[in-house]
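Residue numbers (UniProt numbering), protein chains in the order written: chain A, 1 to 315; chain B, 1 to 314; chain C, 1 to 251.
Glycine included, each C-beta is placed from N, C-alpha and C at the ideal position.
As the structure is a prediction and not an experimental result, all values here were calculated from the model.
One structure is given here, and the rest of the page talks about it.
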Amino acid sequence: MRFQTPVLLVALLALVGISLWLGAASVTSWQDAWLFGVSRLPRTAAALLAGAGLALAGVVVQQVVQNRLVEPSLTGTTESAMLGLLLVTLWAPGMAIAGKMTLAALAGLAGTGGFLMLAQRAPRQDPMLLPIVGLIYAGIIWAATTWIAWSTDLLQYLGVWRLAEFSGVMQGRYEWLWAVGALALLLYAVADRITILGLGREQARSLGLNYGQTRALGLVIVSVLSALVLVTVGAFPFVGLIAPNLVSRWRGDNLRGNLPIIALGGGGLVLASDVIGRVLRYPFEIPAALVFSVFGAVIFLWLLFAAPARSGGQS
Amino acid sequence: MIRSRLLLLAAGLVLLSAAFLLWKLQEPTGFILSLRGSKLAVLICVGAATGVATILFQTVAMNQLLTPGIVGFDALFVLLQTGLVAILGGVGAALFPPMAQFLMETALLMGAALLLFGGLLRRGAGDVTRVILTGVILGMLLRGLTEVVQRMLDPADFAIVQQAMFASFSRVSTPQIWTGGGVIAVALAVALWQAPALDVAGLGRSTARSLGLAHDRVVLIVLGLVAALVSVSTALVGPLTFLGLLSASLARQVLQTHRHDALIPAAALIGATILVAGQFVFERLLASQSALAVIVEFFGGLLFLFLVFRRKPS
Amino acid sequence: MIQIEGLSYRVGKTPILHDISLTLKPGGITALIGPNGAGKSSLLHCISGLHDLAAGHIRIDGLDPLRAPDRDRARVVALLQQSPGVVSRLRVRELVGFGRWPHHQGRPTAQDTAMVDAALESFTLTDLADRTLESLSGGQRQRAFIAMTYAQDTPWLLLDEPLNALDPRHARDLMARLRRLVQDTGRSIVIVLHDINAAAGWADRIVAMKDGRVIGHQDTPDLLTPDMLETVFDMRFDVLTHQGRPVVISR
């Protein structure tokens with residue numbers, strides 16, 4: 001299977017090329033080069049970074065709750081972050097973006113913590129129950145958010161965060177996403193610990209891991225990643241679930257080697273959705289998150305019904 | 001003991017209904033009575049339907065945390081509403097005959113439910129959680145599609161769609177009540193007739209089969225009933241996710257039994273009681289129109305979390 | 001040496017273990033036996049420092065497992081939990097490799113790799129080393145987890161009902177392997193066993209538990225008397241001797 005990595009890299013580079021080239025105007029003169037620099041380059045980078053961030057957030061939360069069918073939008077993380085963002089918009093609409101992001105991340109952290117308490121009580125034998133529990137939990141938070149937005153006439157505003165799109169991304173409006181890179185490095189440094197988390201509390205502690213601390217670190221990373229993406233481009237469901245699962249079926253579960261591929265995979269999926277959203281009804285655009293929610297749902301269903309990968313060592 | 005508790009529940013519902021009809025009755029008496037009467041009928045129909053549907057669903061899923069409302073019905077309903085507004089425009093949708101809309105929505109919801117349950121259960125009825133999760137994901141897909149359509153609407157039309165996103169008990173006409181009520185009554189009768197089989201089905205697929213029950217067939221019948229009950233009540237008033245969970249859990253709590261010939265009527269009575277009592281309090285005592293659905297959903301959601309939390313950590 | 005003094009443990013308000021004082025000598029295999037709900041697994045988890053105690057304290061070779069840094073504890077005592085239900089796409093070699101994590105914290109040396117190979121070898125997992133846990137049978141998975149515990153290379157190994165998922169041959173193989181391990185390396189094993197005859201056949205010492213209390217701790221032949229067994233299990237047993245070891249038969 002080793003040959004697949006370069007193939008995927010080439011595919012990713014091709015995607016980047018298309019994304020840079022694709023647009024309502026072609027780049028021929030100096031002025032167009034300026035357009036290229038402030039719009040297309042940032043847009044492509046933003047899609048890659050957002051996808052990488054969400055995929056990493058997904059794999060971490062999967063290890064923490066020991067269930068590969070969850071992701072930040074199925075653990076109440078995204079919804080609570082959105083609730084936090086809505087409240088900030090209501091009470092302090094002029095707050096700087098860093099402040100908004102911090103509060104959204106804190107709200108997301110609180111929401112994920114609540115989910116964790118639920119997860120500890122959900123029966124292990126039926127792994128498909130946990131995403132349902134998470135969905136209902138996220139649904140309750142989302143209902144509260146919608147209710148507040150409805151009674152304050154912010155519903156259409158909420159719709160803007162609900163589905164991420166990249167048409168508004170320009171130089172100066174996405175740079176926070178580069179923090180995803182820093183978090184990815186941090187995650188890589190603790191990859192072994194996160195893998196051990198996935199063995200469960202008892203086994204992890206027996207291996208000398210400070211379980212509580214590691215789990216808390218993982219959750220902070222998940223919340224910050226989710227909030228970063230939410231505040232800069234909007235919510236993007238399914239990426240955190242799909243990218244790690246595809247990589248896991250292909251390469252197994254050892255995060256040290258897989259994290260870079262999961263990040264690239266997530267970035268590639270989001271960029272591909274953005275490109276498709278741009279060409280589908282050219283020159284109009286369909287939000288990338290919506291494009292992916294169609295493909296993502298289909299892949300999720302495939303993951304549910306496909307037999308578990310019996311990947312041997314020989315292949 | 002079970003019998004007396006059921007009678008008590010029934011008596012409570014009758015008293016509440018009387019209070020609902022007669023409280024501070026003013027002139028013109030006949031008109032107000034018929035108005036209140038049709039509203040009462042809707043509340044009882046929807047309460048009973050969601051309560052029973054949830055009991056049935058929980059039994060075949062062997063899980064008392066679940067409610068059929070999470071399986072994307074609400075998403076399909078909102079998509080249908082949105083689609084109608086998008087195709088006909090806000091004014092056109094308002095002029096569309098309500099009975100035709102009701103029948104069309106019911107038919108589509110039932111078709112979708114049967115397709116989902118029937119198609120997936122061919123793989124074997126042991127796999128109910130997977131079916132539910134599939135429905136949930138399809139619901140997410142529908143919600144995404146709905147949002148794209150909504151984005152293309154102008155603000156006035158958007159406001160109309162927005163109304164449909166929350167359940168409301170005050171926009172139903174008499175023929176709809178008769179049709180919906182009829183379907184619900186038939187479904188309840190079939191459910192009661194199947195009650196002994198349900199008792200066995202609740203033991204799980206392999207046990208039930210070794211006891212000689214045609215488990216897959218019973219599950220299919222039951223899910224058909226669930227589809228009918230949920231579609232009719234959704235088409236009547238709009239999406240209600242957690243009301244059923246509330247009434248089913250209370251029914252199990254009050255009766256402390258697994259016998260479905262008792263649980264089914266109890267869940268129906270409790271579901272109806274919650275809605276009638278809630279509407280009575282909100283409309284007559286607090287003079288507030290729209291809050292009931294939201295309050296019921298909120299408490300239902302909290303109950304769900306409580307039910308999960310009550311379990312021991314694994 | 002494991003010294004336990006006045007240990008009590010509760011889950012919520014329910015008392016599980018009452019005022020247990022016990023000294024386990026190093027070397028050899030010590031079996032914990034008793035009826036269901038006697039508190040055997042809880043005691044094992046308490047010893048490994050994974051439960052907070054209501055009262056009492058524990059010393060393992062002088063180290064307090066509750067207060068010691070996690071990493072130090074994990075180099076003195078390793079716990080294999082009961083039927084680890086993790087179904088993951090980790091490969092067997094990767095899983096066993098995590099047994100070395102307390103030693104290298106993410107930077108494996110050649111010695112660590114050699115230790116992992118040795119663990120795979122001695123639990124006959126070499127052929128399965130590149131398979132994922134998901135693709136193994138229950139018994140093979142159990143062996144992989146035991147190998148990980150072994151690779152942790154601690155003086156004390158605590159095993160919670162490791163024979164659960166194993167057929168008679170693999171159960172015997174595992175006990176024989178543990179026996180050899182104890183003889184060759186001088187490590188100490190504390191093991192919860194359901195099958196009294198597994199304890200009779202392989203353990204050097206037995207701790208008998210009932211209702212959250214220790215009611216007997218002696219060398220195997222001395223403890224396995226009909227009277228003691230009746231006190232523990234509330235039923236009569238005959239104790240025979242076969243090839244120099246006791247055999248217990250229920251009446």
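- Where C/Leu17 and C/Ile47 are concerned, what is the direct C-alpha to C-alpha distance, given to the nearest angstrom? Position 17 of the third sequence, counted from the start, is the residue given in the question as residue 17 of chain C. Position 47 of the third sequence, counted from the start, is the residue given in the question as residue 47 of chain C. When rounded, the distance between both Cα atoms is 12 Å.
- Under three-state DSSP, which class holds B/Pro265? Taking the first residue of the second sequence as 1, we reach residue 265 of chain B at position 265. Residue state, collapsed to three classes: helix.
- Message: Can you tell me where the beta strand (DSSP E) holding C/Gly56 begins and where it ends?
- Response: The residue labelled residue 56 of chain C in the question sits at position 56 within the third sequence. Counting along the chain, the beta strand (DSSP E) containing C/Gly56 begins and ends at 55-60.
- Task: Below 8 Å on the Cβ atoms is my guess for C/Ile60 versus C/Val76; work out the distance and round it to an integer in Å.
- Result: Along the third sequence, one-based indexing puts residue 60 of chain C at 60. Along the third sequence, one-based indexing puts residue 76 of chain C at 76. So it is a contact: roughly 6 Å between Cβ atoms.
- Can you tell me whether residue 264 of chain C is buried or exposed, with buried defined as 16 or more other CB within 10 angstroms of its CB? No statement about residue 264 of chain C is possible, as the shown extent of chain C runs from 1 to 251 and does not include it.
- Cross-chain neighbours of A/Gln171 in chain C, by beta carbon under 9 Å: The residue given as residue 171 of chain A occupies position 171 in the first sequence. Within chain C, no residue comes near A/Gln171; the closest Cβ sits about 38 Å away, beyond 9 Å.
- So is C/Val77 in contact with chain A if we call contact Cβ pairs under 9 Å? Translated into the one-based positions of the third sequence, residue 77 of chain C becomes position 77. Taking Cβ atoms only, chain A reaches closer than 9 Å to C/Val77, which makes this a yes.
- Task: Note the first and the last residue of the continuous beta strand (DSSP E) segment covering C/Val192.
- Result: As a first step, residue 192 of chain C is located in the third sequence; it is residue number 192 there, counting from the start. Run containing C/Val192: 188-192, per the beta strand (DSSP E) assignment.
- Sort B/Gly30, B/Ala235, B/Gly90 by Cα distance to B/Asp157 and report the nearest one. Within the second sequence, the letter at position 157 stands for residue 157 of chain B. Minimum Cα distance to B/Asp157 is reached at B/Gly90.
- Quickly, what does DSSP pair C/Met235 with across the bridge? List them, please. Taking the third sequence and counting its residues from 1, the one referred to as residue 235 of chain C is at position 235. Paired residues: none, contrary to the question.
- Query: What separation, rounded to the nearest whole angstrom, lies between the Cα atoms of B/Trp23 and A/Leu158?
  - Reply: Taking the second sequence and counting its residues from 1, the one referred to as residue 23 of chain B is at position 23. Taking the first sequence and counting its residues from 1, the one referred to as residue 158 of chain A is at position 158. Spanning the two alpha carbons is a distance of roughly 41 Å.
- Query: Using a Cβ-Cβ cut-off of 7 Å (strictly less than) and excluding sequence neighbours within five positions of A/Gly139, which residues of its own chain qualify?
  - Reply: One-based indexing of the first sequence puts residue 139 of chain A at position 139. Counting only Cβ-Cβ distances below 7 Å, and skipping sequence neighbours, we find nothing.
- Message: My parser needs the alpha helix (DSSP H) runs of 4 or more residues fully inside the region 186-229 of chain B; what are they?
- Response: 195-201, 205-210
- Message: Going by C-alpha to C-alpha distance, which of B/Phe102, B/Gln81, B/Leu220, B/Leu275 sits closest to B/Leu116?
- Response: One-based indexing of the second sequence puts residue 116 of chain B at position 116. Out of B/Phe102, B/Gln81, B/Leu220, B/Leu275, B/Leu220 has the C-alpha closest to the C-alpha of B/Leu116.
- Message: So C/Met115 and C/Ala151 are supposed to be a Cβ contact under 8 Å. How far apart are they, rounded?
- Response: As a working mapping, residue 115 of chain C is identified with position 115 in the third sequence. As a working mapping, residue 151 of chain C is identified with position 151 in the third sequence. That pair is a contact at about 6 Å.
- Range of the contiguous alpha helix (DSSP H) that encloses A/Gly114: Position 114 of the first sequence, counting from 1, holds the residue named residue 114 of chain A. Segment 97-119, the alpha helix (DSSP H) holding A/Gly114.
- Item | Distance between beta carbons of A/Ala235 and A/Val73, contact taken as under 8 Å | Counting from 1 along the first sequence, the entry for residue 73 of chain A is found at position 73. Counting from 1 along the first sequence, the entry for residue 235 of chain A is found at position 235. Looking at the sequence itself, residue 73 of chain A is Ser, so the reference to Val does not match. Right, their Cβ atoms sit about 7 Å apart.
- Three-state secondary structure (DSSP) of B/Gln81: Mapped onto the second sequence, residue 81 of chain B falls at position 81. B/Gln81: helix per DSSP, three-state reduction.
- Item | Own chain, CB closer than 7 Å to A/Ile286, minus 5 neighbours either side, in chain order | Stepping through the first sequence from its first residue, residue 286 of chain A is reached at position 286. Gly277, Leu280.
- Query: When we look at the beta-carbon of C/Gln81 and count the other beta-carbons within 10 Å, is it buried (16 or more) or exposed?
  - Reply: On the third sequence, residue 81 of chain C is found 81 positions in, with the first residue counted as 1. By the neighbour-count rule (16 or more Cβ atoms within 10 Å), C/Gln81 is buried.
- Inter-residue spacing [alpha-carbon to alpha-carbon] between B/Leu303 and B/Ala248: Here the question's residue 303 of chain B lines up with position 303 in the second sequence. Here the question's residue 248 of chain B lines up with position 248 in the second sequence. Between B/Leu303 and B/Ala248, the C-alpha separation is close to 11 Å.
- Taking the C-alpha atoms as reference points, what is the distance between A/Thr78 and A/Ala149? In the first sequence, residue 78 of chain A corresponds to position 78, counting from 1. In the first sequence, residue 149 of chain A corresponds to position 149, counting from 1. So the two alpha carbons sit approximately 16 Å from each other.
- Message: Measuring only the C-alpha atoms, how far is A/Pro237 from C/Gly139?
- Response: By 1-based counting over the first sequence, the position of residue 237 of chain A is 237. By 1-based counting over the third sequence, the position of residue 139 of chain C is 139. Rounded to the nearest angstrom, the two C-alpha atoms are 38 Å apart.
- Item | Short CB-CB distance (under 9 Å) between B/Gln176 and chain A | Within the second sequence, numbered from 1, the residue matching residue 176 of chain B stands at position 176. False, the Cβ-Cβ gap to chain A never drops below 9 Å.
- Item | Continuous alpha helix (DSSP H) assignments of at least 4 residues falling wholly in the region 123-160 of chain C | 138-151
- Query: Can B/Arg236 and B/Gln162 be called in contact, C-beta distance under 9 Å?
  - Reply: Locating residue 236 of chain B in the second sequence gives position 236, counting from the first residue. Locating residue 162 of chain B in the second sequence gives position 162, counting from the first residue. Sequence check: residue 236 of chain B is Leu here, not Arg. Going by C-beta atoms, B/Leu236 is not nearer than 9 Å to B/Gln162.
- With a cut-off of 9 Å, does the C-beta of B/Gln150 fall near any C-beta of chain A? Numbered from 1 along the second sequence, position 150 holds the residue referred to as residue 150 of chain B. Closer than 9 Å to some Cβ of chain A, the Cβ of B/Gln150 qualifies, so yes.
- Which residue's Cα is closest to the Cα of B/Leu4: B/Arg259, B/Gly278, B/Leu255? Counting from one through the second sequence, the residue named residue 4 of chain B turns up at place 4. Strictly speaking, residue 4 of chain B in this sequence is Ser, with Leu absent from that position. Closest by alpha carbon: B/Leu255.
- Query: So, helix, strand or coil for C/Ser21, using DSSP?
  - Reply: As a working mapping, residue 21 of chain C is identified with position 21 in the third sequence. Strand at C/Ser21.
- Task: For B/Gly212, I'd like the list of residues in its chain whose CB is within less than 8 Å of its CB, leaving aside the five on either flank, ordered along the chain.
- Result: Here residue 212 of chain B refers to the residue found at position 212 of the second sequence. Closer than 8 Å at Cβ, skipping near neighbours: no residue.
- Message: Please report the distance separating the alpha-carbon of A/Ala14 from that of C/Arg71.
- Response: Against the first sequence, residue 14 of chain A aligns to sequence position 14. Against the third sequence, residue 71 of chain C aligns to sequence position 71. Distance between the alpha carbons of A/Ala14 and C/Arg71 is about 46 Å.
- Look at A/Asp153 and A/Gly198 and say whether their C-beta atoms are less than 9 Å apart. As a working mapping, residue 153 of chain A is identified with position 153 in the first sequence. As a working mapping, residue 198 of chain A is identified with position 198 in the first sequence. Contact: no.
- A/Gln156: contacting residues in chain D (beta-carbon distance under 8 Å): Note that chain D does not occur in the displayed structure, where the protein chains are A, B and C.
- Task: Quick one: grab the DSSP three-state call for C/Arg67.
- Result: For the purposes of this step, residue 67 of chain C is taken as the residue at position 67 of the third sequence. Residue state, collapsed to three classes: coil.
- Query: Can you list the residues of chain A that C/Glu94 reaches, using a CB-CB cut of under 7 Å?
  - Reply: Translated into positions along the third sequence, residue 94 of chain C becomes position 94. Here the neighbours are Asn254.
- Query: How is C/Arg100 classed by DSSP in three states: helix, strand or coil?
  - Reply: Here residue 100 of chain C is taken as the residue at index 100 of the third sequence, counted from 1. Of the three classes helix, strand and coil, the one that applies to C/Arg100 here is coil, per DSSP.
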